[in-house]
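**Q** Be aware that the sequence shown starts at 6, since it is given in my numbering, and climbs by one per residue. Beta carbons: idealized from backbone N, C-alpha and C, even for Gly. The structure displayed is predicted, hence computed values, not measured ones.
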Amino acid sequence: DGRIAVPAAARGRAVIGIDLSAAMLERCRLRAADAGVLERLTLQRADFRHFELDQPAGLVALPYHSLGHLPTLDDKRGAIAHIFSQLRPGGRFVFDDFLMTPALIDHMRRVQLRAEYRTAAGAETLLWVTSLVDEASQSIKVVTWEDTLDAEGVLVRRQYRRLSLSWLEPSQARTLLKEAGFVIESCFGDFARTPFADNTAHEQVWVARRPE
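1) Provide the residue span of the alpha helix (DSSP H) that contains Val159, from first to last.
2) Evaluate the contact criterion for the segment 67-86 versus the segment 100-120: three or more CB pairs, one atom per stretch, below 8 Å.
3) Hey, how far is the Cα of Arg50 from the Cα of Leu30?
4) When the Cα atoms are used, what is the spatial distance from Glu151 to Leu78?
5) What residue range is occupied by the uninterrupted alpha helix (DSSP H) comprising Val147?
6) With burial defined as no fewer than 16 other Cβ atoms inside 10 Å of the residue's Cβ, what is the status of Ala19: buried or exposed?
7) Which whole-angstrom value is the C-beta distance of Leu181 and Ile189, which I expect to be below 8 Å?
8) Report yes or no: do the segment 77-95 and the segment 198-215 share at least 3 C-beta pairs separated by less than 8 Å?
9) Looking at Thr149 and Ala128, is the spacing between their C-beta atoms short of 8 Å?
10) Do Ala84 and Leu75 come within 8 Å of each other at the CB atom, strictly closer than that value?
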């Protein structure tokens with residue numbers, strides 16, 4: 006939706022934004038137009054496992070745990086190998102993935118009130134979330150629901166949504182990157198570039214390079 010692409014374009018970079026969702030691409034286009042950087046942005050509707058670039062890229066960024074939308078290890082292996090093929094020699098691949106610590110798993114399994122707001126019609130609405138985490142299969146089913154209340158606080162409507170995700174263990178991410186031909190430059194434990202350590206990391210943020 007442009008949260009990464011638009012700031013990058015604002016720094017003077019030529020950016021290609023790729024998403025399978027036409028709605029997300031339109032949000033990105035509108036955000037870029039508002040920021041005055043639309044001329045530096047090319048949008049392509051494609052699956053990140055299969056996109057094709059006219060010229061090899063110097064950087065491919067896959068943020069927001071996007072690799073987690075692929076359900077199997079083979080899906081992730083194929084995506085990483087394809088991204089390698091779309092980079093020029095010396096180009097970098099940057100991505101983040103969940104780091105499923107016991108504390109995070111416990112947090113995700115709890116029922117949480119995430120937001121309270123009113124709809125356009127003025128109805129009070131509560132947004133809830135919880136997750137079913139299966140450690141054996143490294144899979145997550147995120148369940149969210151909206152409760153719409155009447156003026157007396159009585160529930161009048163509940164709507165559920167589900168999202169399936171998965172994660173890589175750091176050792177698996179390292180193996181898949183090496184299998185694809187990448188040289189691993191860095192693995193950070195957060196977005197402040199703290200070197201990854203098992204006992205302090207909150208994320209796994211990888212920087213890998215296609216060799217010259």
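**A** In brief:
1) Translated into the one-based positions of the sequence shown, residue 159 becomes position 154. Segment: none, Val159 is in no alpha helix (DSSP H) and carries neither H nor E.
2) yes
3) Position 45 of the sequence shown, counted from the start, is the residue given in the question as residue 50. Position 25 of the sequence shown, counted from the start, is the residue given in the question as residue 30. Taking the straight line from one Cα to the other gives about 7 Å.
4) On the sequence shown, residue 151 is found 146 positions in, with the first residue counted as 1. On the sequence shown, residue 78 is found 73 positions in, with the first residue counted as 1. If I take the Cα positions, the gap works out to 32 Å.
5) In the sequence shown, residue 147 corresponds to position 142, counting from 1. That residue, Val147, is in no alpha helix (DSSP H); its beta strand (DSSP E) goes 144-154.
6) Working through the sequence shown from its first residue, we reach residue 19 at position 14. By the neighbour-count rule (16 or more Cβ atoms within 10 Å), Ala19 is not buried but exposed.
7) To locate residue 181, count along the sequence shown from 1; it is residue 176. To locate residue 189, count along the sequence shown from 1; it is residue 184. Not confirmed; about 11 Å, so no contact.
8) yes
9) Against the sequence shown, residue 128 aligns to sequence position 123. Against the sequence shown, residue 149 aligns to sequence position 144. Against a cut-off of 8 Å, the Cβ pair of Thr149 and Ala128 comes out as no contact.
10) The residue labelled residue 75 in the question sits at position 70 within the sequence shown. The residue labelled residue 84 in the question sits at position 79 within the sequence shown. Contact: yes.
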